[in-house]
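Here is the structure we will look at.
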Amino acid sequence: MDENESFHLQEKKGDRSSSGGTYVGEPGVESHDHLKVDTSVNYEAGQAAMSTASLRRGQAVRLEDDLQLMEAERMVSRSTETRSQHRRSSMSRTRSYPSQRVDEFDEATNPLHEKAAVYQPPESPTTKLSAFVKKVHNSSFTVRYLTYIVPVVLLLLIPLLIGALNYTDTSVGGVKLMWFSIWLEIVWLTLWAARVVGKCIPPAVSIISSIFTNNAKKWRDMAKQLEVHFVLFFWWLAVEISILPTMKNHHVDGDKRTRGWERTLNKLIIVGLVWTILNVIEKIIIQLIAITFHQRTYDDRIQLNKFQIGSLTKLYQFSRARIAEDDETFEQNPNLGTPQSTKNPLQYASKAGRVAQRAMKNVGNKVGDVAEGVLADFTGRQTKNSSDPYQVVLALLRTTSGCQVLARRLYRTFARDGFDTVFSGDLKEAYDDNEEAEAAFSMFDRDMNGDISMEELEGVCVDIGRERKSITASLKDLDSVVSKLDQVFMFFVFIIIIIVFLTLISTSAAGVLTSAGSTILALSWMFSTTATEFLQSIIFVFVKHPFDVGDRVTIYGNSGASGLGDDYFVKEIALLYTEFKKMEGHIVQAPNSVLNNLFILNQRRTGALAEALPIVIKYGTTVDQMERLRHRLVEFVRSERRDFQSMILHELREVTENLSLTLNVVFFYKSNWQNEGLRLQRRNKFLCMLMIALQE
């Protein structure tokens, strides 16, 4: 079982227990309360808050939690210091904002299909030339462009001046040397002019889209991804416009008719222009596919997960501020009692060292924060300090243990003295308004019983971290799928360009294309299966899309040991295949074209589920006895309302030769079966109670 599916079992309460591990109350109660699981804790007058079971368990691991929290804060601080040093070393750059750490979740959930930069300089140049190139690449816009443009312009200026001053009659293919050199200058300079025009496209698209939509940023980012492709189009368009007027109007002999080589060169440029047009159209289609698919499939999940992480950040920030305030109060007046953050012996013993370390840490962090603040004044970009709660929460959410540490920290902060759960009013101090606090409380209170236990808080935090990783993995896989689709589309663009090239260059191209088309048509049987599989895979991934990475699915078909289907976790989604992980750990690969024709049950997308347990009872059992059993089980599920719905159904299935009856007991979970560990825990709990009820 995956470690992400492990949950801390709630510590058992009560005075007596059955052999099955279910705690029962006092016997002899007519309302059958002896079958109810005792979830209360007996408090004595003056008992401290640590007497509750959850608090006792929380304090038992308090030292480990504090150490893991400190490690997460140190990791965030070191990462911030590294970024600060990099920013200070690049403060002279003005062409763009200084590089900053991008949250992997924000990067992965970008709806655009992003391409890597054409050129990435080496991190540690080994030669003077590579060091110079990196320095130029990281310089300002003006310096970089002048460094690229001026040397080539000066080089082309040599034949231009020679043809203009000394050798006026010298020609290249019948064109004056000076004007041929001028055309080469035009080719080079229009490339950079197109680059400047391309830089203006995203702001223009943003302004226009803001008039018609509420998400101008999405279209601006899309235009930014298409910037290079538009630059190539504008460049080839300028070259095509300039070639014939420049050449045929400046022949040495004064003849303005187009020469043969000029006509051929013009055809090649037309082929290049057609390629840039098709390339722009293809890239726009790819971006629209990525954006549309992203909005339809993942937008709601992404927004919900961001809200959940934002709520955890506010709670953690409030928790840290409250504990720091309690520590300061305790240090000023130790007679006030034990503060919330000093309930373990380690903090008593290392009080002086802790204060000194805090002071040194604050000094180091403040220096880095001041440097980043000065840099932010120049760039106009907001910065986050080295103790940013958001980064600490993200660091904790990367692991299951970190999620549980964060949950216990929040529980210790908001649980009131004498109570084993957190109530809605306890969270209002951490939020700006009551509406946001109620939304956050509803997020944690999944059983909707009006309070939050530590185990429930741990489960929610683990689910948030798992959902974050699942979305990130799904979108990375789908971005890879879009890349493969992009390559396929580019192959068809290449075929079209070849056809256009042959049509323009060869006078007998029609016959050649007809012959080639007949040959391809005759061999179409070789490609029909591949084409069918490809189209079915595209429909399955982009149209049907029955699952995402991390989902638990049941695939009905010929799979599994019995050949009737099996349960899997989705591991990777590719364009032509999907990798699954079985419950036992085996890795299975299935073609998407085959999955396209199968029934697939998605556990994550399913709501709360029910399960029927068949039991064999004695022949002659009365309806009253079965009804009493149902009432006892109803009392149990009502007492365990965090795990079960308050409803039990029973159904007589069959009579076996006047010897026994088969009775189906149907109980209802509070959630689906995505988390197998949690499902087994709840199922075992219900089975133990059913066993006790049958024995009585």
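Numbering (full-length UniProt numbering), first residue to last: 1 to 696.
Even for Gly, the Cβ is constructed at its ideal location relative to N, Cα and C.
At what residues does the alpha helix (DSSP H) containing T142 begin and finish?
-> Position 142 of the sequence shown, counted from the start, is the residue given in the question as residue 142. Residues F141 to L165.
Spatially closest choice to L226 from H251, V197 and H250, by CA coordinates = Counting from 1 along the sequence shown, the entry for residue 226 is found at position 226. The residue with the shortest Cα to Cα distance from L226 is V197.
What residues match up with E651 in a beta bridge as DSSP calls it?
-> On the sequence shown, position 651 is the one that residue 651 refers to. N664, per the DSSP bridge assignment.
In the segment 262-306, which residue ranges form an unbroken alpha helix (DSSP H) of at least 4 residues, counting only runs that do not cross its ends?
-> none
Using a threshold of 9 Å, state whether the C-beta atoms of R468 and D551 are closer than that.
-> One-based indexing of the sequence shown puts residue 468 at position 468. One-based indexing of the sequence shown puts residue 551 at position 551. Not closer than 9 Å, so no.
Chain C beta carbons: is any one of them nearer than 9 Å to that of R301?
-> Among the protein chains of the structure shown there is no chain C, as only one such chain exists.
Going by alpha carbons, who is nearest to R446 out of D433, S424 and Y431?
-> Taking the sequence shown and counting its residues from 1, one reaches residue 446 at position 446. Looking at the Cα atoms, S424 is the closest of the given residues.
Rank E458, W673 and N592 by C-alpha distance to the C-alpha of G607 and give the top, closest one.
-> For this step, residue 607 is matched to residue 607 along the sequence shown. Of E458, W673 and N592, the residue nearest in Cα terms is W673.
From N166 to V493, what distance separates their C-alpha atoms?
-> For the purposes of this step, residue 166 is taken as residue 166 along the sequence shown, with counting starting at 1. For the purposes of this step, residue 493 is taken as residue 493 along the sequence shown, with counting starting at 1. Their backbone Cα atoms lie some 47 Å apart in a straight line.
Nearest-angstrom Cβ-Cβ length linking M490 and E282, presumed shorter than 8 Å = What you label residue 490 is simply residue 490 of the sequence shown in a count that begins at 1. What you label residue 282 is simply residue 282 of the sequence shown in a count that begins at 1. Going by Cβ atoms, the distance from M490 to E282 rounds to 7 Å, so yes, they are a contact pair.
Answer with buried or exposed for F444, where buried requires no fewer than 16 other C-beta atoms within 10 angstroms of its C-beta.
-> Counting from 1 along the sequence shown, the entry for residue 444 is found at position 444. The residue in question, F444, is buried, as its Cβ has 16 or more Cβ neighbours within 10 Å.
Please report how far the alpha carbon of L475 lies from the alpha carbon of T519, in whole angstroms.
-> Within the sequence shown, residue 475 is the residue found at index 475, counting from 1. Within the sequence shown, residue 519 is the residue found at index 519, counting from 1. Whole-angstrom Cα-Cα distance: 41 Å.
Just reading off the beta strand (DSSP E) that T554 is part of, what are its end residues?
-> As a first step, residue 554 must be located in the sequence shown, where it is residue number 554. Where T554 is concerned, the enclosing beta strand (DSSP E) stretches over R552 to Y556.
Nearest residue (CA-CA) to K267, options V280, I241, I285 and A290 = Translated into the one-based positions of the sequence shown, residue 267 becomes position 267. The option with the nearest alpha carbon to K267 is I241.
Please report the residue range of the beta strand (DSSP E) in which V588 lies.
-> Locating residue 588 in the sequence shown gives position 588, where the first residue counts as 1. Taken as a continuous stretch (DSSP letters only), the beta strand (DSSP E) holding V588 covers I587 to P591.
Three-state class that DSSP yields for P614 in the structure shown = Position 614 of the sequence shown, counted from the first residue, corresponds to residue 614. Strand.
Residue nearest to Q295 in terms of C-alpha spacing, selected from R412, S319 and V543 = Position 295 of the sequence shown, counted from the first residue, corresponds to residue 295. Nearest of R412, S319 and V543 to Q295, Cα basis: V543.
List the whole-angstrom C-beta distance separating S593 from S646, where the pair is believed to meet the contact cut-off of C-beta under 8 Å.
-> Translated into the one-based positions of the sequence shown, residue 593 becomes position 593. Translated into the one-based positions of the sequence shown, residue 646 becomes position 646. Actually they do not touch by this definition, with Cβ atoms about 45 Å apart.
Reducing DSSP to helix, strand and coil, say where K469 ends up.
-> Along the sequence shown, read from residue 1 onward, the residue named residue 469 stands at position 469. Here K469 sits in helix by DSSP.
Out of curiosity, what's the CA-to-CA distance linking V175 and P245?
-> As a first step, residue 175 is located in the sequence shown; it is residue number 175 there, counting from the start. As a first step, residue 245 is located in the sequence shown; it is residue number 245 there, counting from the start. Their Cα atoms are separated by approximately 11 Å.
Where D432 falls, given that 16 or more other Cβ within 10 Å makes a residue buried | Start at 1 with the first residue of the sequence shown, and residue 432 comes out as number 432. With fewer than 16 Cβ atoms within 10 Å of its Cβ, D432 is classed as exposed.
Just the Cα atoms here: how many angstroms apart are T170 and G163?
-> Here residue 170 is taken as the residue at index 170 of the sequence shown, counted from 1. Here residue 163 is taken as the residue at index 163 of the sequence shown, counted from 1. One C-alpha to the other measures close to 7 Å.
Tell me whether the beta-carbon of N279 lies closer than 9 Å to the beta-carbon of L232.
-> Within the sequence shown, numbered from 1, the residue matching residue 279 stands at position 279. Within the sequence shown, numbered from 1, the residue matching residue 232 stands at position 232. Yes, the pair counts as a contact, with Cβ atoms nearer than the cut-off.
Taking the C-alpha atoms as reference points, what is the distance between A72 and L406?
-> Indexing the sequence shown from 1 puts residue 72 at position 72. Indexing the sequence shown from 1 puts residue 406 at position 406. Near 11 Å, if we compare the C-alpha coordinates of L406 and A72.
Anyone know if the C-beta pair for I600 and V553 falls short of 9 Å?
-> Residue 600 sits at position 600 when you count from the first residue of the sequence shown. Residue 553 sits at position 553 when you count from the first residue of the sequence shown. Judged by their CB atoms, I600 and V553 are nearer to each other than the 9 Å cut-off.
Helix, strand or coil for A693 per DSSP?
-> Residue mapping note: residue 693 aligns to position 693 of the sequence shown, counting from 1. Helix at A693.
Check whether the segment 427-442 touches the segment 609-625, counting contact only when three or more Cβ pairs, one atom from each stretch, lie closer than 8 Å.
-> Counting Cβ pairs under 8 Å, fewer than three are found: no touch.
Check whether the Cβ atoms of A238 and I158 sit closer than 9 Å, and answer yes or no.
-> Start at 1 with the first residue of the sequence shown, and residue 238 comes out as number 238. Start at 1 with the first residue of the sequence shown, and residue 158 comes out as number 158. No. Outside cutoff.
Per-residue burial, residue 712 [other beta carbons within 10 Å of its own, 16 or more giving buried] = Shown here, the chain extends from 1 to 696; a query on residue 712 therefore has no answer.
Spatial neighbours of T264 in its chain, beta-carbon cut-off 8 Å, leaving aside the 5 residues before and after = The sequence position of residue 264 within the sequence shown is 264, counting from 1. Correct list, in chain order: I505.
Take W275 and list the residues in its own chain whose beta-carbon comes closer than 6 Å to its own, dropping the five residues that flank it on each side.
-> Position 275 of the sequence shown holds residue 275. Only I497 meet the Cβ criterion.
Nonlocal neighbours in the same chain, by C-beta distance under 6 Å from K248, ignoring five residues either side | On the sequence shown, position 248 is the one that residue 248 refers to. Only K256 and T258 meet the Cβ criterion.
Pick helix, strand or coil for N138, following the three-state DSSP scheme.
-> Indexing the sequence shown from 1 puts residue 138 at position 138. Looking at N138 - three-state DSSP - the assignment turns out to be coil, as it is neither helix nor strand.
Are at least three pairs of beta-carbons, each pair with one atom in the segment 395-415 and one in the segment 60-72, less than 8 Å apart?
-> yes
Count the other CB atoms within 10 Å of the CB of F527; is the residue buried (16 or more) or exposed (fewer)?
-> By one-based count along the sequence shown, residue 527 stands at place 527. Classification of F527: exposed, given that the 10 Å Cβ count is below 16.
Assuming P122 contacts K134 (C-beta within less than 8 Å), just tell me the rounded distance between them.
-> Looking up residue 122 in the sequence shown gives position 122. Looking up residue 134 in the sequence shown gives position 134. The pair is a contact, with the Cβ atoms about 7 Å apart (cut-off 8 Å).
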